[in-house]
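These notes concern the structure reproduced below.
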Amino acid sequence: MDVTEDDKSFSISAELPGIKKEDIKIHVDGHLLTISAERKEKKVEEDKEKHYHYSERRYGKIQRSIELPTTVDVDSPKTSFEDGVLHLEFIKKVDEKKRKVIKIT
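The numbers in the working numbering rise by one with no breaks, and the one at position 62 of the sequence shown is 53.
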């Protein structure tokens, strides 16, 4: 998982090889982001003449949670899933406490 930040956004990229888009779930609870997914094992009829020497594919559920900064808008992330990589981008909120110029009238 890669987490990056610039002046305008906070971004996350997570590699999820072999996982289908519909098997990925993204939840935000407050500022806690949780990404969970499941790689389901394909049921293949057993070939009695074929014996595995190795089977190193991993199946099952995965989950990762990270705390998002309070400066991001958690209500409208941009999301995409291409070539087994999930991308999330959270836009930073405008800082309401920035210095303002007040005109004298």
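Ideal Cβ placement from N, Cα and C applies to all residues, glycine included.
Review point. If serine 0 sits next to isoleucine 57, beta carbons under 8 Å apart, how far is it from one beta carbon to the other, in whole angstroms?
Key: About 15 Å; that fails the 8 Å criterion.
Point to revise | Burial state of isoleucine 26 (16 or more Cβ within 10 Å) | key: Isoleucine 26 counts as buried, since no fewer than 16 other beta carbons sit within 10 angstroms of its beta carbon.
Exercise for review: Going by CA-CA distance only, name the one from Pro8, Lys33 and Arg55 that's closest to valine -6.
Suggested key: Arg55
Check your understanding: Using the beta-carbon count (16 or more within 10 Å), is proline 68 buried or exposed?
Key -> buried
Point to revise | Same chain, Cβ closer than 6 Å to isoleucine 53, neighbours up to 5 away in sequence not counted | key: The answer, listed in chain order, is Ala28.
Point to revise | For lysine 12, three-class secondary structure by DSSP | key: helix
Check your understanding: What residues are listed by DSSP as bridge partners for valine 92?
Key -> Valine 92 pairs with nothing; no bridge assigned.
Review point. How about serine 2 and leucine 77: are their beta carbons less than 8 Å apart?
Key: no
Point to revise | Pair within 8 Å by beta-carbon distance, valine 65 and histidine 18 | key: Against a cut-off of 8 Å, the Cβ pair of histidine 18 and valine 65 comes out as no contact.
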